[in-house]
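Residue numbers (UniProt numbering): 1 to 169. Just so you know, even glycine gets a beta-carbon here, dropped at the ideal spot from N, CA and C. In this text, all values refer to a predicted model and were calculated from it rather than measured experimentally. Read the structure below first, then the notes.
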């Protein structure tokens, strides 16, 4: 690695992408390759993503080692991370992952959306949200998650956890 901290960090980003791509490729070896609909097996997309990620990682390493990311804009935002705002976003993701089988896909995704929006507002220096704004965020999350749920469960026949056994919530 170079003595230039910027080049070192940039190289590590590329190496990280290469490692993630390799781990994904390793995981794809455990997915059945038996051809399904239209002659494509369920492991086709994981292989495609892992190969493209490894190509991007190699390209990033090459860019970093041959002079750094030349077209990169100057960093924007605050000098330090806003951990309070990030905690709201991370909390939303964790709540979604832990509550999806209890609340169902729609409500857990709506909760994730509302908590993430609160964190993003805080990161912009705005108020996190009063009760009215929080309820509006929750309703907006439901309006986004419900059609996704119905698309996957009704049209694509992919099982997602629901709140009821009817298949509509």
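Annotation for residue 142: 106, 107 and 110 place their beta carbon closer than 8 angstroms to its own, counting only its chain and skipping 5 residues before and after. Residue 21 places its beta carbon less than 7 angstroms from that of residue 53. In the structure shown, the three-state DSSP call for residue 158 is coil.
Counted as a single uninterrupted DSSP element, the alpha helix (DSSP H) harbouring residue 132 occupies residues 131-150.
Between residue 43 and residue 33 a beta carbon distance of about 5 angstroms is seen, short of the 8 angstroms cut, so the two are scored as contacting. Comparing alpha-carbon positions, the option among 137, 157, 124 and 19 lying closest to residue 58 turns out to be 19.
Our two residues, residue 146 and residue 140, have alpha carbons roughly 10 angstroms apart in a direct line. One thing to note: residue 91 has its Cβ no nearer than 7 angstroms to the Cβ of residue 112.
Between the C-alpha atoms of residue 12 and residue 69 there is a straight-line separation of about 13 angstroms.
Cβ contact annotation for residue 134 (same chain, cutoff 8 angstroms, sequence separation greater than five): 114 and 118, in chain order.
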